[in-house]
Each structure stands twice: as C-alpha cells, then as structure tokens.
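In this note's numbering, the protein residues as written are 486 to 798.
Ideal Cβ positions, reconstructed from N, Cα and C, are used throughout, including at glycine.
Quick notes on the structure that follows.
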Ligand SMILES: [Zn+2]
C-alpha cells in the first residue's frame with residue numbers, strides 16, 4: 486500500500502492564514518482592504534445590518550467581493566444572561582435622570598437601552614433571548630439579500646461571548662457553521678484548527694499581530710493542518726495608529742502561496758471537513774466533498790478533484 490498524507494491545504498502547505506474583522510466600518514475596512522488585498526490575504530468580515538447604510542447592495546457586493554461575510558447580529562446587542570441581568574426600569578428613559586444600573590424599554594419589545602461605563606454612553610442595547618434570535622435571523626436575511634442566499638454561515642458575538650448557554654444552543658440550532666467569541670488565543674492551541682467551532686477565537690489582534698505571526702511562522706510541522714486568524718476591528722489599527730503592523734504583516738507573510746493558504750474562515754473550516762471526510766477503502770481514496778483536495782501519495786503531490794476517487798493500487 487502506498488503512503489498517503491492528506492494533511493495539506495491548497496499549495497501543499499499545512500499553514501493557513503485568515504482574518505476575522507467585525508462591524509463593517511466601510512471607511513476603515515477600505516483602508517484595511519487596500520493593505521491586505523495586494524498581499525493576497527483573504528478573510529471574513531462580520532457585519533451588522535443596522536449600521537449606517539452608505540452604499541447600495543451592488544456597491545456592498547463589489548466592495549467585499551472575494552471575502553466571506555458573517556453575521557454579527559442586527560443592532561449589535563448584548564444579551565441578557567446570569568451575569569448581565571439588569572432590572573427593567575419602570576419609567577421612560579431620560580438621560581438626565583436615568584439609573585445607570587437599569588435597562589430602559591425602547592419601542593422595540595424585548596430590546597432595552599443600557600449604559601456602558603466603558604464608553605460612558607447610553608447608546609448600548611440588550612436583548613432578550615427571543616429578541617436576540619429574531620435579530621440574528623433578520624441580520625442573516627438582510628445580508629443574504631445582498632450577498633446571496635446561503636452565503637452567510639458563521640456567527641460572531643457582538644461584545645464577545647454573552648455567556649448565555651441557552652442562547653448559544655439556539656445559535657447552534659439555527660445552523661451556524663461556527664460561532665466566534667473574543668480574545669487572543671495566541672499559540673495556546675498549538676495553532677490548531679478550532680477544536681470547538683461553537684466558541685472559537687482568533688490568535689492575534691492588531692497589537693499582537695507581528696509577535697504571534699512570528700510564532701506561527703516558526704511553529705514546527707507536526708503533520709497537522711494549522712490555523713492562524715487575526716482580528717478584530719479595522720478601526721483598531723486607526724485608533725492605535727499601527728496600520729504599519731498590518732503592512733509589515735502583509736510584507737512578511739503575504740504573497741507566499743507555497744507557505745500559506747489564504748482563505749476565509751468558512752473556507753478553511755469547509756476544507757477541514759473535506760479532509761476529514763476523505764475515505765480510503767478498496768484500494769482507493771474518495772473525495773466526496775465539493776472542494777479539490779491537495780494530498781501526497783508516496784511523497785508525490787496530487788490534486789484530488791471534488792467528487793472523485795483515486796486508485797492507490
Ligand atoms: Zn462588534
């Protein structure tokens with residue numbers, strides 16, 4: 486029997502690079518794209534549908550073409566949980582007299598205004614579980630109207646994991662391929678593909694990008710498929726004045742298709758599924774998936790096209 490190695494991405498590399506960028510800030514995403522695009526770096530933009538609409542649907546499609554679009558929930562709300570459970574104020578909201586520990590009714594049932602001490606602002610909202618799921622579905626519908634039916638498959642929590650297990654379960658039941666929380670996991674996972682797709686997070690953010698990418702580059706080949714994602718808002722680079730980090734990242738790690746596979750988060754997860762589904766039986770390997778797989782047979786590179794078999798005899 487021949488020696489097989491199925492743990493390769495396109496280009497016969499074991500290392501993928503992606504990004505996950507939240508909120509759909511068009512001006513900042515434009516600046517971000519002007520840097521990553523020439524480097525061939527691909528990733529996922531996580532959009533809210535309540536953000537100011539400055540472009541037509543066609544403009545949006547053109548702007549984000551080639552990148553994955555994920556659901557970041559309509560109106561970017563918090564969710565009620567054991568940990569965040571403010572009392573509902575009886576009175577109507579009045580900023581001058583409002584109690585900063587309470588939630589205030591809005592015209593939208595199940596959707597309340599809350600105060601953010603960090604932002605020193607009342608422009609924050611919290612939703613009941615039912616309202617939250619209504620807004621998840623609404624976001625998906627609006628995004629798919631723009632970007633195409635069936636294209637929005639992943640979810641990213643606004644404000645990170647809302648620590649509400651029942652709501653997480655409802656997101657899983659909704660059918661999302663992945664659910665992202667917030668926070669640098671750095672190299673703590675060994676740059677493995679997300680072990681738990683219902684609460685995965687990125688390896689680096691704008692400040693740790695170069696440091697953690699260097700660790701990724703140096704990470705030894707252990708025969709497994711590797712994953713490096715960075716986040717988390719394009720505006721982070723602007724706010725901290727470190728667009729140079731992104732430029733340097735692209736200079737060092739972009740345009741190297743033999744070393745890195747550049748793909749969206751969703752495409753990387755689909756690729757992993759396709760690799761796991763490869764079957765070896767009766768002296769042949771069968772790729773039942775919809776993606777072409779890059780494998781080695783006795784050390785020889787081979788592309789196994791989608792829905793085909795290859796004889797090992
Ligand atoms: Zn956000």
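On the premise that residue 777 lies in contact with residue 762, defined as a C-beta separation below 8 Å, what is that separation, rounded to the nearest angstrom?
-> Against the chain shown, residue 762 aligns to sequence position 277. Against the chain shown, residue 777 aligns to sequence position 292. 14 Å between Cβ atoms; not a contact.
For residue 760, which three-state DSSP category applies?
-> Taking the chain shown and counting its residues from 1, one reaches residue 760 at position 275. DSSP places residue 760 in helix when its eight states are reduced to three.
Along the beta strand (DSSP E) that carries residue 740, what are the first and last residues, could you check?
-> As a working mapping, residue 740 is identified with position 255 in the chain shown. No beta strand (DSSP E) holds residue 740; DSSP gives it neither H nor E.
Going by DSSP, name the residue or residues bridged to residue 529.
-> As a position in the chain shown, residue 529 is number 44, starting the count at 1. According to DSSP, residue 529 bridges with 505, 553.
Selection from 502, 568, 583, 631 that minimises the alpha carbon distance to residue 532 | Reading the chain shown from its first residue, position 47 is the one you call residue 532. The shortest C-alpha separation from residue 532 is found at 631.
Grouping DSSP H, G and I as helix and E and B as strand, with all else coil, what is residue 519?
-> On the chain shown, residue 519 is found 34 positions in, with the first residue counted as 1. Three-state DSSP puts residue 519 in a helix.
Can you tell me which of the three DSSP states residue 769 falls into?
-> Counting from one through the chain shown, the residue named residue 769 turns up at place 284. Strand, per DSSP.
Taking C-alpha atoms, which residue in 748, 782, 797 lies nearest to residue 502?
-> Sequence index remark: in the chain shown, residue 502 carries index 17 (1-based). The shortest C-alpha separation from residue 502 is found at 748.
Local Cβ density within 10 Å of residue 505, reported as buried at 16 or more and exposed below that = As a working note, residue 505 is residue 20 in the chain shown. Residue 505 should be labelled buried.
Would you check whether ligand 1 has a heavy atom nearer than 8 Å to the C-beta of residue 530?
-> Counting from one through the chain shown, the residue named residue 530 turns up at place 45. Answer for residue 530: no, Cβ out of range of ligand 1.
Please find out if some non-hydrogen atom of ligand 1 comes closer than 8 Å to the beta-carbon of residue 643.
-> Counting from 1 along the chain shown, the entry for residue 643 is found at position 158. Correct: residue 643 has its Cβ closer than 8 Å to ligand 1.
Does the beta carbon of residue 492 fall short of 8 Å from some heavy atom of ligand 1?
-> Mapped onto the chain shown, residue 492 falls at position 7. For ligand 1, not one heavy atom lies less than 8 Å from the Cβ of residue 492.
Looking at residue 561 and ligand 1, is the gap between the Cβ and the nearest heavy atom below 8 Å?
-> Along the chain shown, one-based indexing puts residue 561 at 76. Because some heavy atom of ligand 1 lies under 8 Å away, the Cβ of residue 561 counts as near it: yes.
Go to residue 699, then tell me how far its alpha helix (DSSP H) extends in each direction, as first and last residue.
-> Residue mapping note: residue 699 aligns to position 214 of the chain shown, counting from 1. Note, residue 699: alpha helix (DSSP H), 694–703.
Run through DSSP, which three-state label would residue 775 get?
-> Here the question's residue 775 lines up with position 290 in the chain shown. In the three-state scheme derived from DSSP, where H, G and I count as helix and E and B as strand, residue 775 is classed as coil.
Within the segment 555–614, ranges of the beta strand (DSSP E) (whole runs, at least 3 residues) | 596–601, 606–612
Using a threshold of 8 Å, is the CB atom of residue 718 nearer than that to any non-hydrogen atom of ligand 1?
-> Looking up residue 718 in the chain shown gives position 233. Residue 718 Cβ: within cutoff of ligand 1.
Residue burial classification, residue 585 (beta-carbon count within 10 angstroms, cutoff 16) = Within the chain shown, the letter at position 100 stands for residue 585. Result: exposed.
With respect to 8 Å, is the separation between the Cβ of residue 533 and the closest non-hydrogen atom of ligand 1 below this value?
-> Residue numbering aside, residue 533 sits at position 48 when the chain shown is read from its first letter. Residue 533 Cβ: within cutoff of ligand 1.
Can the beta-carbon of residue 663 be found less than 9 Å from the beta-carbon of residue 643?
-> In the chain shown, residue 663 corresponds to position 178, counting from 1. In the chain shown, residue 643 corresponds to position 158, counting from 1. Going by C-beta atoms, residue 663 is not nearer than 9 Å to residue 643.
Should residue 513 and residue 723 be called a contact, given that it needs their Cβ atoms to be closer than 9 Å?
-> Your numbering for residue 513 matches position 28 in the chain shown. Your numbering for residue 723 matches position 238 in the chain shown. It is a contact, given that the beta carbons lie within the stated cut-off.
Do residue 508 and ligand 1 come close, with the Cβ less than 8 Å from some heavy atom?
-> Within the chain shown, numbered from 1, the residue matching residue 508 stands at position 23. For ligand 1, at least one heavy atom lies less than 8 Å from the Cβ of residue 508.
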